[in-house]
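This report refers to the structure that appears directly beneath it.
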Amino acid sequence: MSADLDKPVGVRPEALPLRVDGVVKRFGAVTAVAGVSFEIQPGGCFGLLGPNGAGKSTLIRSIVGRVRLDAGSVRVFGHPVNSAPARGDLGWVPQELAVYPLLTCRENLQAFGKYQGLRGKPLDDAIAWCLEWAALEDRAGSPVKTLSGGMKRRLNMAAGLIHRPRLVLLDEPTVGVDPQSRNRIFEMVEALRRSGTTIIYTTHYMEEAERLCDWIAIIDHGQIIAQATKETLVAQSFGSRSSVTMHFGATRVDLAAWAAARGGTAQDSVVLCSVEKPAEIADWLDAANREGLEVLDVTLQRPNLESVFLHLTGKELRA
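Under this note's numbering, think of the first position of the sequence shown as 13, with each following residue one higher.
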């Protein structure tokens, strides 16, 4: 999905769902987005991750045409983002709920469909699809204010996608929902993927990015600092090494010095190290035994996307 990697042969620039080229956005002396460029290939799910204050929100608003750029351009299927063709091909589901609480589900979808220029049978068909996709058929006549938080979130998604856009930006779609509703939203996203829709997905839940996203871009300090498949990002950051956490009982041994001599680190009674092969843990246990150290617990963990994010940004991904 990047400009240089894994690009299918024969995909013309004008056929790309999204092309962000040298985007810069400043707010006074602060540069929120500093020359970001990337491309998204058709189909699949593109994860856009970044810590708070990294420029992600400004980049999202740039992609949907909500900010005036200081430099660069955004094109949707070859068209400028604020053009009529681009607006027809792009669907945006904001993090904030944007539905009318006093209207029913069906009335909300009718209103949003008309905003997108739908009338008559195309509108009726779109509403039927939305209600089925969002599992709200039995609540079509219910006022939104009577719905659960998860139902409102699903309706919010349906309202943003009623015109069946080819490119969809889902901004934190599972914020504030219960586990059952989250799983239903996952099913909705996976249904979009199967239909060939291209998805940009932002989230503060790393397990969601692990599950749903084929390609990950990480933004920090207004720049894309890494982008690849999650497997490639892990390999680039950690190679084939795994992290080991060892918990020790009370001891007079200087654990920090003991761990440092073997390439690890220690804090209080916890030692952190990395190994190429799990069998190497035996060497640490033998060394601990020779020193008379009591090992209470040992945990082996392969690096994952959250490990990569922390490694690259120095921050955890939290709302």
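Glycine residues also receive a C-beta, built at the ideal position from the N, C-alpha and C atoms.
Nothing here was measured: the structure is a model prediction, and the numbers come from that model.
For residue i, which of the options has the nearest alpha-carbon?
{"i": "P56", "options": "L317, Y213, Q235", "result": "Checking the displayed sequence, the identity of residue 56 turns out to be Gly instead of Pro. It is Y213."}
{"i": "Q98", "options": "V88, A147, P106", "result": "Here the sequence assigns Ala to residue 98, which means Gln is not the residue at that position. With distances taken between Cα atoms, A98 lies closest to V88."}
{"i": "G261", "options": "D33, A46, V282", "result": "V282"}
{"i": "E202", "options": "H216, P191, D226, M218", "result": "D226"}
{"i": "E108", "options": "Q192, G100, P185", "result": "P185"}
{"i": "T241", "options": "V36, I52, V35", "result": "I52"}
{"i": "L159", "options": "G40, L179, Y112", "result": "Y112"}
{"i": "H91", "options": "I75, L71, V79", "result": "I75"}
{"i": "R165", "options": "D136, N195, W270", "result": "N195"}
{"i": "G47", "options": "P155, D232, R178, W145", "result": "D232"}
{"i": "P191", "options": "L30, R73, G161", "result": "G161"}
{"i": "A170", "options": "V32, W145, P155, G275", "result": "W145"}
{"i": "M163", "options": "M200, R131, G129", "result": "M200"}
With DSSP as the reference, label residue i as helix, strand or coil.
{"i": "R314", "result": "coil"}
{"i": "Y127", "result": "helix"}
{"i": "R87", "result": "strand"}
{"i": "L182", "result": "strand"}
{"i": "G22", "result": "Since pLDDT at G22 reaches only 46, below the 50 mark, its modelled position is unreliable, and the value read off the structure follows with that caveat. G22: coil per DSSP, three-state reduction."}
{"i": "R43", "result": "Arg is not the amino acid found at residue 43; the sequence shown has Thr there. Reduced to three states, the DSSP call for T43 is strand."}
{"i": "E51", "result": "strand"}
{"i": "P6", "result": "An answer regarding residue 6 cannot be provided, because it is not within the stretch 13 to 331 covered by the chain."}
{"i": "R205", "result": "helix"}
{"i": "D309", "result": "strand"}
{"i": "L28", "result": "coil"}
{"i": "R194", "result": "helix"}
{"i": "H259", "result": "strand"}
{"i": "D16", "result": "Note that D16 has pLDDT 38, beneath the 50 cutoff, so the model's placement of it is unreliable and no number is given."}
{"i": "D150", "result": "helix"}
{"i": "T215", "result": "coil"}
So residue i is in the alpha helix (DSSP H); what residue range does that whole segment cover?
{"i": "I139", "result": "132-145"}
{"i": "S74", "result": "68-75"}
{"i": "R165", "result": "161-172"}
{"i": "D226", "result": "It is not in any alpha helix (DSSP H) - D226 carries neither H nor E in the DSSP assignment."}
{"i": "A333", "result": "Outside the displayed range of the chain (13 to 331) lies residue 333, so it cannot be described from this structure."}
{"i": "R302", "result": "293-302"}
I'd like the span of the beta strand (DSSP E) that includes residue i, first residue to last.
{"i": "D266", "result": "Counting along the chain, D266 falls outside any beta strand (DSSP E), and DSSP gives it neither H nor E."}
{"i": "A238", "result": "235-240"}
{"i": "L102", "result": "102-105"}
{"i": "L61", "result": "57-61"}
{"i": "G284", "result": "Note that residue 284 is Leu in the sequence shown here, rather than Gly. Element bounds for L284: 282-287."}
Verify whether the separation of the beta carbon atoms of residue i and residue j is less than 8 Å.
{"i": "L182", "j": "L167", "result": "no"}
{"i": "C142", "j": "L115", "result": "no"}
{"i": "F321", "j": "M218", "result": "yes"}
{"i": "G103", "j": "G172", "result": "yes"}
{"i": "I197", "j": "R205", "result": "no"}
{"i": "L224", "j": "H175", "result": "no"}
{"i": "A96", "j": "G234", "result": "no"}
{"i": "I228", "j": "L324", "result": "no"}
Beta carbon of residue i: closer than 7 Å to some heavy atom of the ligand MN?
{"i": "G129", "result": "Absence of the ligand MN from the depicted structure is noted, as is the absence of any ligand whatsoever, leaving it without description."}
So with Cβ pairs under 8 Å, would you call residue i a contact of chain D?
{"i": "I231", "result": "Annotation note: the requested chain D is absent from the structure, which comprises a single protein chain."}
**Q.** Stretch-stretch touch, CB-based, cutoff 8 Å, three pairs: the segment 252-259 with the segment 304-314
**A.** yes
Q) Do the segment 62-71 and the segment 80-87 meet, that is, are 3 or more Cβ pairs less than 8 Å apart? A) Per the Cβ contact rule, the segment 62-71 is not in contact with the segment 80-87 (fewer than 3 Cβ pairs under 8 Å).
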